[in-house]
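What follows is a set of notes on a single structure, which appears directly below.
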Amino acid sequence: MVFSGEFHPFRLPAPELWKDVLEKFKAAGFNAVSVYWHWGLTSPREGEIRFTEHNDAQKFYQVAKDVGLLVIVRPGPYVNAETAGGGRPPRLDDECAKFSSYECNTISFCVAPIFAQQTAPFQYPDGPVIAIQSENEYATTSQQHIPGLDEHMQDIIDTMRECGLTRIPTIHNDKNPSGQYAQPGQGKVDLYGWDGYPLGFDCDNPSRWAELSTAHDANHQRWNPAEPLALFEWQGGSFSYWSGPDYSLCYQLINEQFANVYYKNNYAAGVAIQNLYMTYGGTNWGNLHTHTLYSSHDYGAALREDRTISPKMDELKLQASFLHASPDYLLVGRIGNGTVGQGTAYSDSPDIYTTHLHAPQNDVNFYFVRQKTNTKTTDTSFTLRVNTTLEGTISIPKSGSIALAGRESKILVTNYPFGSSILHYSTAEVMTWATLDGVDIIVLYALEGQHVEIAVVASGRPKVAIAGSRAISATTTNGLITFSGSVSGISVATFDNKRVIVADKKSASSFWAPRLSTSSADGVSHYAPTPDVPSVLVHGPYLVRSATKRGQTLALTGDLNATTTIQVFAGVDIRSVTWGGAPVNVRRSELGSLQGVLSFPRSISTVEIPNLQSIQWRCADSLPELEPNLDDTDWVVTNKTSTTRPQQPSAGKFVLYSSEYGFHAGQWVWRGHFSGNATGVQLSIQGGFSFGYSAFLNTHFLGSGQGSSHSQDGVDILSPSFNFTQDQLRDGDNVLTVIHDSTGMNQDYNINDEHKTPRGIRGYQLLGDNGIEFDTWKVAGNFGGENAPDAIRGPYNEGGWWFERVGAHLPGFDASPWNTSCTPYQGRSTPGVTVYRTSFSLNIPHDADIPLAFDLELDKIQPHRVLIYVNGWQFRRFISSLGPQASFPVPEGILNHRGNNEVLISLWALNSGGARLTKLELSKRGTFSSSKTATVSLVKAPN
Ligand code: IPT
């Protein structure tokens with residue numbers, strides 16, 4: 005079973021934190037991670053490839069290998085992923101008439117071959133990479149008529165092979181289970197799979213569920229029955245949009261109940277490869293997002309943007325642990341092959357839908373039960389007719405009933421082997437099991453208060469000892485011990501060579517099942533064991549990352565969020581326990597565990613962080629363009645009169661598309677020069693969903709505007725018209741200054757070149773004397789354009805406003821001449837842009853993990869737009885009138901947790917009354933004592 009989570013390394017640009025994320029995946033039972041690589045970030049300039057920092061594929065593979073995760077690699081060339089251009093470098097926009105086609109011959113000049121070469125040495129079993137994806141959701145059946153698509157797919161596959169990726173399967177993620185590239189022919193991949201987002205991206209309706217599909221198996225049988233059933237992207241969360249719901253609502257939509265019901269429906273179809281998109285979402289720092297979403301990419305994923313663990317991770321841990329401990333699951337027959345089936349006939353309640361899978365080798369039965377319809381959200385009580393080896397067909401429980409909550413699904417087993425023992429049947433679910441010193445331990449769970457009945461095969465009539473919360477009692481008949489009761493806390497029954505742990509679901513999720521570290525040098529041994537069961541069970545801590553046996557001592561590492569009671573279930577040869585290297589005072593508990601207390605260090609709970617209100621700020625006006633005699637002679641003259649882009653200019657002689665002049669991201673200043681008696685101007689400004697603009701004539705403010713969060717055609721365009729007054733005009737040269745931002749480049753989801761959608765001024769027209777025209781237009785974009793010198797923070801990090809062009813956002817900038825009597829809390833009283841700079845130091849202990857966030861406050865009355873630059877990294881775009889996000893975590897490594905930090909905030913006030921920040925503070929997203937890695941140092945980047 006490949007239990008995989010999606011993570012885009014470039015969305016966490018502090019590579020020293022990758023290990024933390026992957027260790028959290030691993031601890032939760034994931035055995036694989038799936039990654040995209042982004043061509044546009046990797047190769048912003050012709051001939052230059054940057055496999056450095058957040059694009060360092062080999063470093064990532066090495067970390068995954070060290071942690072013990074397999075890797076599914078998805079290098080595009082097109083990736084979508086809600087990224088700028090969907091992965092295409094915008095410098096290529098004019099290269100071909102139709103981008104994603106064979107005629108364009110994308111593959112010959114794209115980065116995919118070089119990624120393939122990078123990846124080849126890490127193919128399994130030398131390294132962790134088990135599959136390579138060709139393209140992404142490429143083509144639908146209706147697009148098949150576009151010539152060249154299949155040849156393009158084949159070309160990518162051939163290229164991957166030529167580049168040395170010969171030992172792993174090529175894969176494809178079909179948009180729908182429509183069999184694209186599953187059938188013999190051009191572009192066919194080795195391992196076909198499909199994607200599914202059953203609840204779409206409707207975080208506005210966070211409790212609305214759709215019905216479950218019962219067709220997974222049928223689709224699998226139709227397209228590729230000889231291959232494992234693979235879901236290469238399965239909904240793990242949802243993106244959100246400007247002014248839309250906060251990610252807490254996306255989490256609510258795709259929460260632990262969703263994970264429980266929808267993923268178990270996948271297992272009921274015998275899924276063998278499942279990748280949850282996203283499992284860690286990260287951040288759309290530095291303009292790497294497409295325009296449809298905001299700068300958080302939290303995605304409501306199991307691991308939050310600030311790397312803290314959500315309850316969904318608990319649910320996934322329970323599922324993954326069970327699947328790994330149950331090799332019979334992978335040996336089950338198909339639904340409907342005569343011995344197994346699905347429907348309502350298994351239960352005495354018509355409301356219960358059951359899928360029965362049977363693994364003949366050990367005669368194990370799996371029953372996946374759920375509500376027949378998701379419209380029913382109340383509890384259902386039922387009995388289930390099951391097959392057993394010992395008693396034939398019986399109804400369970402024998403006394404009482406099974407309770408299924410409204411949004412719950414259970415996997416119930418019969419004749420389930422654990423070590424040398426057999427679970428005859430159970431109405432509680434199995435989390436995992438282990439055999440420690442000949443004692444078979446199994447962990448079973450149900451929701452708090454649910455009645456369970458559990459029957460374990462015994463030899464004769466052994467004496468049973470029950471300890472802990474004692475929520476269950478035992479009945480002994482010859483050869484069978486039956487436990488029953490309402491689940492609460494942790495109860496432990498010991499008999500024969502067996503220990504049965506029955507926990508409520510919440511208590512069960514506090515179990516960690518680490519594998520004992522091996523000393524094997526190749527690191528590959530992590531991937532192999534069957535069944536994959538733990539070698540020790542640890543209950544209590546917030547996170548357990550590793551367990552190593554040193555003589556009679558069990559050395560544990562992990563994280564705490566509070567003082568915690570720890571229980572260690574291990575072999576009798578383990579006499580003592582260390583936590584993070586320090587001895588833990590343990591004694592043998594009545595549960596059979598070694599029990600002790602891990603104290604939360606005071607040095608960590610009392611860490612102080614700066615109050616941004618009381619530190620020194622300096623400010624500067626960032627619109628010198630409004631000064632009467634600004635010299636713009638060295639600006640780029642935007643004098644193209646034609647463009648090959650599908651979207652043609654709507655009016656005016658010159659093409660004012662920023663990308664035509666090498667400026668692809670961030671914000672820009674446009675200056676149109678004219679002389680004569682104009683009475684006004686009409687403009688069409690295009691910046692993507694929810695973009696903003698302000699226009700000025702000479703020094704006078706004309707007006708501002710902001711786009712909407714949705715539009716039908718994937719373009720957000722505002723068409724303001726301004727009248728000039730006589731006092732605004734000058735004799736001779738007049739300058740119309742337009743500042744605007746882009747919320748990111750479009751993607752090319754439908755293979756129709758949408759990524760070429762321009763940003764800039766789509767059209768313009770001076771009003772007044774007949775024939776009056778602008779003489780020249782000029783633009784200021786990011787420093788260096790496509791040749792931007794900052795190869796670390798990458799091609800999209802900066803825009804073209806004054807402060808960015810002079811490098812005031814960079815840590816080495818000397819702001820000492822700036823004004824010191826201003827703060828962002830005072831703000832400005834006129835429209836325009838002010839930048840505020842400050843520095844502060846942090847002193848967070850090495851053994852602490854304290855994710856920090858900048859918190860702002862929404863303000864619709866005085867709309868403003870804010871960029872937050874942290875040590876030179878544009879980490880956030882905030883739109884006060886739209887939001888929704890107002891709290892912005894910034895990872896350690898971008899923030900220096902042990903030393904100085906340089907922060908620049910740009911405040912763009914849109915209305916004539918100006919704007920100020922009513923709130924700007926640093927907050928802690930959590931306080932953990934942590935063994936994440938020895939150090940996370942500040943990412944080295946130009947000053
Ligand atoms: C799927 C894409 O493959 C992926 O890149 C990402 O964009 C995801 O959607 C949504 O976050 S496409 C799927 C919606 C059919």
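Just so we're on the same page, this note's numbering is the position in the sequence shown counted from 1, plus 4. Note that the Cβ used here is the ideal one computed from N, Cα and C, for glycine as well.
Contact test: A478 Cβ vs the ligand IPT heavy atom, cutoff 8 angstroms: Within 8 angstroms of the C-beta of A478 there is not a single heavy atom belonging to the ligand IPT.
Near the ligand IPT: A85 beta-carbon under 8 angstroms from a heavy atom: Correct: A85 has its Cβ closer than 8 angstroms to the ligand IPT.
Other residues of its chain near E925: CB distance less than 8 angstroms, five sequence neighbours each side excluded: So the list reads N615, L616, Q617, F858, D859, once near-sequence residues are dropped.
Residue range of the alpha helix (DSSP H) that includes C254: DSSP places C254 inside the alpha helix (DSSP H), whose first and last residues are 251 to 257.
Beta-carbon proximity check, A573 vs V548, cutoff 9 angstroms: First, the amino acid is wrong: residue 573 is Phe here, not Ala. No.
C826 - partner residues in DSSP beta bridges: Paired residue(s): none; C826 is not in a bridge.
Nearest to T56 (by Cα), restricted to the options L634, L216, H42: Closest option to T56, Cα to Cα, is H42.
Any non-hydrogen atom of the ligand IPT within 8 angstroms of K644 CB: Every heavy atom of the ligand IPT is 8 angstroms or more from the Cβ of K644, so no.
DSSP beta-bridge partners of P421: I426.
From H301, S299, L292, L203, residue whose alpha carbon lies closest to that of Q261: Measuring from the Cα of Q261, the nearest candidate turns out to be L203.
Residue from V739, S885, N875 with nearest C-alpha to G903: Residue N875 holds the alpha-carbon nearest to the alpha-carbon of G903 among V739, S885, N875.
Simplified DSSP assignment, three categories, for A532: Confidence at A532 is low in this model, with a pLDDT of 44, below 50, so its placement is unreliable and the value that follows should be read with caution. Note: A532 maps to coil in three-state DSSP.
For A574, three-class secondary structure by DSSP: Residue state, collapsed to three classes: coil.
P249 and D332 closer than 9 angstroms at C-beta: No.
Local Cβ density within 10 Å of A230, reported as buried at 16 or more and exposed below that: By the Cβ-count criterion, A230 is exposed, with fewer than 16 other Cβ atoms from all chains shown falling within 10 Å of its own Cβ.
Own chain, CB closer than 7 angstroms to N177, minus 5 neighbours either side, in chain order: Cβ neighbours of N177 beyond the five flanking positions: Q137, N140, E141, G197, W198, D199, F236, E237.
CB of Y245 within 9 angstroms of CB of F693, strictly: Taking 9 angstroms as the Cβ cut-off, Y245 and F693 qualify as a contacting pair.
Own chain residues within Cβ distance below 7 angstroms of A263, not counting five before or after: Take A263, set aside five residues on each side of it, and the residues of its chain with a beta-carbon closer than 7 angstroms to its own are K316, E319, L320, in chain order.
Stretch-stretch touch, CB-based, cutoff 8 angstroms, three pairs: the stretch 652 to 669 with the stretch 700 to 720: In this structure the stretch 652 to 669 does not lie against the stretch 700 to 720, because fewer than three pairs of beta carbons, one per stretch, are closer than 8 angstroms.
Chain-order list of residues whose beta-carbon lies under 8 angstroms from that of L484 (same chain, five-residue window excluded): Taken in chain order, the residues that qualify are L394, H428, A459, V460, V461, A462.
Which of helix, strand or coil DSSP assigns to N269: Here N269 sits in helix by DSSP.
Range of the contiguous alpha helix (DSSP H) that encloses T567: Premise fails: T567 is in no alpha helix (DSSP H) and is neither H nor E.
Beta-carbon proximity of T123 to Y201, cut-off 9 angstroms: Taking 9 angstroms as the Cβ cut-off, T123 and Y201 do not qualify as a contacting pair.
Y40 Cβ short of 8 angstroms to the ligand IPT heavy atom set: Here the distance from the Cβ of Y40 to the nearest heavy atom of the ligand IPT is below 8 angstroms.
Cβ-heavy atom distance, E237 to the ligand IPT, below 8 angstroms: When distances are taken from the beta-carbon of E237 to the heavy atoms of the ligand IPT, the shortest one is below 8 angstroms.
S523 (DSSP reduced to helix, strand or coil): Because S523 sits at a pLDDT of 39, beneath the cut-off of 50, its placement in the model cannot be relied upon, and the point is left open.
Length-filtered (3 minimum) beta strand (DSSP E) runs lying within the stretch 870 to 902: Listed in chain order, the complete beta strand (DSSP E) runs (minimum 3 residues) inside the stretch 870 to 902 are 877 to 883, 891 to 894.
Reference T824, options L233, Q239, Q620, S314, closest by Cα: It is Q620.
Cα-Cα separation between A273 and G696, rounded to whole angstroms: Those two C-alpha atoms are separated by around 48 angstroms.
Secondary structure of P854, DSSP reduced to three states: The residue you asked about is not Pro; residue 854 is Ile in the sequence shown. The three-state reading of DSSP puts I854 in coil, since its state is none of H, G, I, E or B.
The ligand IPT heavy atom lying under 8 angstroms from the CB of Y429: Relative to the ligand IPT, even the nearest heavy atom lies 8 angstroms or more away from the CB of Y429.
For I476: DSSP bridge partner residues: In DSSP, I476 forms a bridge with G489.
Pairwise C-alpha distance: A795 and R54: Those two C-alpha atoms are separated by around 8 angstroms.
Closest residue to G575 among L558, I613, L440 (Cα-Cα distance): Cα-wise, what sits closest to G575 is L440.
Secondary structure of L416, DSSP reduced to three states: Reduced to three states, the DSSP call for L416 is strand.
Inter-residue spacing [alpha-carbon to alpha-carbon] between G285 and K23: Whole-angstrom Cα-Cα distance: 15 angstroms.
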